[in-house]
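Novice:
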Amino acid sequence: MKLHETEAALVERALLVGLERPGHDRWAEQDSLAELRELAESAGVEVLDVVIQKRAVPCAPTFIGTGKAEELAERCRRLGANMVIFDDDLTPAQGRNLGEILGPNIKVIDRTELILDIFAQRARTREGKIQVELAQMQYMLPRLTGLWTHLSRQRGGVGCRGPGETQLEVDRRRVQEKITRLQRQLLEVRQNRRIERSGRQRLHWPVVSLVGYTNSGKSTLMNALTGAGVLAEDKLFATLDPTTRRLRLPNNQNVLLTDTVGFIRKLPHHLVESFNATLEEVVEADLLLHVVDVSHPQAHEHIKAVEHVLHDIGAGRKPTVLALNKIDRLTDEVILNRFHRDHPTAVPISARYGTNLDQLLEELVLRLRDWRVDVELHIPHDRARTISLVYQSGYVRSRRLENGAVILEAQIPKMLAGELAPFIVRTA
Ligand SMILES: Nc1nc2c(ncn2[C@@H]2O[C@H](COP(=O)(O)OP(=O)(O)OP(=O)(O)O)[C@@H](O)[C@H]2O)c(=O)[nH]1
Ligand SMILES: [Mg+2]
């Protein structure tokens with residue numbers, strides 16, 4: 053029995069809380085809560101109930117109002133919840149006040165904290181871990197005051213400032229120092245990544261970056277196209293760290309395909325900031341492959357949210373191919389037709405069942421055609437490095453030897469044409 057009790061205490065059992073604001077889009081609010089549930093479940097939290105509070109504006113001190121907060125505390129006790137998750141971000145003061153009303157056994161968190169928590173669970177690489185920790189520290193910094201207020205009360209009331217302030221200053225300085233240290237570490241990791249990337253760039257393969265809402269099927273598509281073996285799961289934010297693989301298009305052109313972190317509405321800005329290095333893959337890509345789950349009722353909103361984040365990180369104007377994924381789940385043609393009307397060049401696919409991937413690849417060929425050029429090269433046979441550069445970066449159609457020169461008919465990246473100009477005798 054005892055053991056059972058301890059286990060129960062370890063499991064996070066939560067109530068979700070959202071506001072319904074008259075005049076606001078009710079469906080959007082409901083959907084946001086549905087998404088919060090998915091987020092909670094992705095974090096391993098058991099959702100017991102959803103509470104919706106109707107209010108025109110959030111109540112400044114407690115977000116939902118003191119009376120409602122007290123009701124909430126009662127409901128938690130009745131249902132055995134040990135956590136309350138708010139769909140909107142709480143100010144430090146709101147978090148503190150709610151914490152007091154709900155008591156020490158019930159943890160109060162908001163959407164941002166939940167997302168940060170999921171990211172912390174998923175981070176695998178050193179870079180990923182540093183990025184998440186940085187975002188968490190930055191989120192915590194303004195909330196440190198709350199911790200102290202709580203302690204000062206325990207020690208005997210408002211007004212005992214001296215030691216309290218000192219302690220708070222110490223805490224703040226420690227967190228600030230930690231932030232600086234993490235930022236420095238991140239810079240180092242970034243430098244390494246730059247070196248890696250410059251190695252990749254020598255071959256001048258165009259970089260195609262998968263982008264899209266979380267759970268839209270980016271990793272599944274990555275696996276279907278390259279056999280990368282990336283983890284793909286029915287979980288939000290299954291992917292955190294970027295993976296890059298070579299993809300050979302039907303015209304034998306090589307590209308680098310990158311799978312990276314998914315986006316979501318209300319993506320915490322601390323995360324966007326600290327994930328800059330990861331998002332750089334997207335910013336520096338030559339073409340974006342935007343994957344949308346068209347079977348999701350909020351697919352249009354997802355597209356908008358993704359475009360919004362892309363704009364924020366400075367990738368709003370990148371050439372983009374839109375892939376309408378999970379068509380195997382669609383029962384109504386009308387839905388697809390509507391997408392086609394809004395996005396005429398979009399390609400309907402099913403990443404899971406490999407449907408229509410040929411057409412998707414053809415679209416990539418089309419969009420990347422300016423990246424390559426067909427040439428005939430005459431290279432002295434002792435210039436092994438030059439010959440090998442053509443083989444590695446491009447596609448060699450034929451090779452023959454003539455008067456001590458290697459004659460290659462090849463497709464090469466246009467960016468290499470300058471470097472290879474002395475050997476090019478014909479351009480198709
Ligand atoms: N029915 C169906 N399911 C799919 C398809 N593509 C992906 N899925 C499923 O959707 C879920 C999410 O797929 P992922 O590939 O992990 O999605 P993601 O975009 O990489 O998600 P994050 O990394 O979490 O942002 C998995 O359960 C996949 O099996 C598809 O074409 N049809
Ligand atoms: Mg993924």
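First residue of the sequence shown? That's 53 in the numbering used here, and the numbers climb one at a time after it. All C-beta atoms, glycine included, are put in the ideal place defined by N, C-alpha and C. Please read these numbers as outputs of a predicted model, since none were measured by experiment.
1. Determine the closest residue to E333 out of L362, L288 and H433, with distance taken between C-alpha atoms.
2. Quick check on the burial criterion: 16 or more other C-beta atoms within 10 angstroms. Buried or exposed for Q411?
3. So if DSSP puts E106 in a beta bridge, which residue, or which two residues, is it bridged to?
4. What I want to know is whether the C-beta of N244 ends up closer than 7 Å to one or more non-hydrogen atoms of ligand 1.
5. What do you reckon, is the C-beta of K270 under 7 Å from a heavy atom of ligand 2?
6. Helix, strand or coil: how does DSSP classify D169 here?
7. Return the Cβ separation of L308 and W257 in integer angstroms, given the expectation that the two are a contact with Cβ distance under 8 Å.
8. When the Cα atoms are used, what is the spatial distance from A66 to A95?
9. Cβ-heavy atom distance between T291 and ligand 2 below 7 Å?
10. Measuring CB atoms only, is the region 297 to 314 touching the region 264 to 276, in the sense that at least three cross pairs come out at less than 8 Å?
11. Between A125 and L154, which are expected to be in contact by the criterion C-beta below 8 Å, what is the C-beta distance as a whole number of angstroms?
12. Check this for me: beta carbons of P294 and T266, under 8 Å apart or not?
13. Might you give, ordered along the chain, the residues of its own chain that have their beta carbon closer than 8 Å to the beta carbon of P371, omitting 5 neighbours on each side?
14. Per DSSP, what kind of secondary structure is S402 in: helix, strand or coil?
15. Classify G75 as buried or exposed, calling it buried when 16 or more other Cβ atoms lie within 10 Å of its own Cβ.
16. Does the Cβ of V343 lie closer than 7 Å to at least one heavy atom of ligand 1?
17. So S326 and A172 are in contact, right, with Cβ under 8 Å, and what is the actual spacing, rounded?
18. Are there 16 or more other CB atoms within 10 angstroms of the CB of T232, so buried, or fewer, so exposed?
19. Give the secondary structure of L292 by DSSP, where H, G and I count as helix, E and B as strand, and everything else as coil.
20. Return the first residue and the last residue of the beta strand (DSSP E) that G264 is part of.
21. Just how far apart, CA to CA, sit A473 and T397?
22. Quick one: residues in its chain with C-beta nearer than 6 Å to the C-beta of V477, no 5 flanking neighbours on either side, listed in chain order?
23. In the DSSP assignment, the alpha helix (DSSP H) including L319 goes from what residue to what residue?
24. Would you call A462 buried or exposed, if buried means 16 or more other Cβ atoms sit within 10 Å of its Cβ?
25. Decide if V335 is buried, meaning its Cβ has at least 16 other Cβ atoms within 10 Å, or exposed.
26. Looking at L166 and L239, is the spacing between their C-beta atoms short of 8 Å?
27. Kindly indicate which three-state DSSP category N244 falls into: helix, strand or coil?
28. Would you verify that the beta carbon of G456 is, or is not, closer than 8 Å to some beta carbon of chain D?
Specialist: Reading from the atomic positions:
1. Numbered from its first residue, the sequence shown carries residue 333 at position 281. Measuring from the Cα of E333, the nearest candidate turns out to be L362.
2. Taking the sequence shown and counting its residues from 1, one reaches residue 411 at position 359. With fewer than 16 other Cβ atoms within 10 Å, it is exposed.
3. Here the question's residue 106 lines up with position 54 in the sequence shown. It should be pointed out that residue 106 corresponds to Lys in this sequence rather than to Glu. DSSP output for K106 lists E72 as bridge partner(s).
4. Here residue 244 corresponds to residue number 192 of the sequence shown, with the count starting at 1. Outside the cutoff, so no.
5. By 1-based counting over the sequence shown, the position of residue 270 is 218. Yes, the Cβ of K270 comes within 7 Å of a heavy atom of ligand 2.
6. Numbered from its first residue, the sequence shown carries residue 169 at position 117. Note: D169 maps to helix in three-state DSSP.
7. Counted from its first residue, the sequence shown places residue 308 at position 256. Counted from its first residue, the sequence shown places residue 257 at position 205. Confirmed, about 5 Å.
8. As a first step, residue 66 is located in the sequence shown; it is residue number 14 there, counting from the start. As a first step, residue 95 is located in the sequence shown; it is residue number 43 there, counting from the start. About 11 Å.
9. One-based indexing of the sequence shown puts residue 291 at position 239. Checking the Cβ of T291 against ligand 2 gives yes.
10. yes
11. Counting from one through the sequence shown, the residue named residue 125 turns up at place 73. Counting from one through the sequence shown, the residue named residue 154 turns up at place 102. So it is a contact: roughly 5 Å between Cβ atoms.
12. The count along the sequence shown starts at 1 and reaches residue 294 at position 242. The count along the sequence shown starts at 1 and reaches residue 266 at position 214. Cβ distance not < 8 Å, so P294 and T266 don't count as in contact.
13. On the sequence shown, residue 371 is found 319 positions in, with the first residue counted as 1. The answer, listed in chain order, is D338, L339, L340 and R419.
14. The residue labelled residue 402 in the question sits at position 350 within the sequence shown. Of the three classes helix, strand and coil, the one that applies to S402 here is strand, per DSSP.
15. Residue numbering aside, residue 75 sits at position 23 when the sequence shown is read from its first letter. Exposed, since its Cβ has fewer than 16 Cβ neighbours within 10 Å.
16. Counting from 1 along the sequence shown, the entry for residue 343 is found at position 291. Yes, ligand 1 has a heavy atom inside 7 Å of this Cβ.
17. The sequence position of residue 326 within the sequence shown is 274, counting from 1. The sequence position of residue 172 within the sequence shown is 120, counting from 1. Contact doesn't hold; Cβ gap of about 12 Å is too wide.
18. Residue numbering aside, residue 232 sits at position 180 when the sequence shown is read from its first letter. So T232 counts as exposed.
19. Looking up residue 292 in the sequence shown gives position 240. Correct three-state label for L292: coil.
20. By 1-based counting over the sequence shown, the position of residue 264 is 212. Taken as a continuous stretch (DSSP letters only), the beta strand (DSSP E) holding G264 covers V259 to G264.
21. Here the question's residue 473 lines up with position 421 in the sequence shown. Here the question's residue 397 lines up with position 345 in the sequence shown. Whole-angstrom Cα-Cα distance: 35 Å.
22. Residue 477 sits at position 425 when you count from the first residue of the sequence shown. Around V477: E428 and H430.
23. Counting from 1 along the sequence shown, the entry for residue 319 is found at position 267. Element bounds for L319: n/a, residue is neither H nor E.
24. As a working mapping, residue 462 is identified with position 410 in the sequence shown. So A462 ends up on the buried side.
25. Counting from one through the sequence shown, the residue named residue 335 turns up at place 283. V335 should be labelled exposed.
26. Counting from one through the sequence shown, the residue named residue 239 turns up at place 187. Counting from one through the sequence shown, the residue named residue 166 turns up at place 114. No, they are not a contact pair.
27. For this step, residue 244 is matched to residue 192 along the sequence shown. Looking at N244 - three-state DSSP - the assignment turns out to be helix.
28. Here chain D cannot be found, since the structure has a single protein chain.
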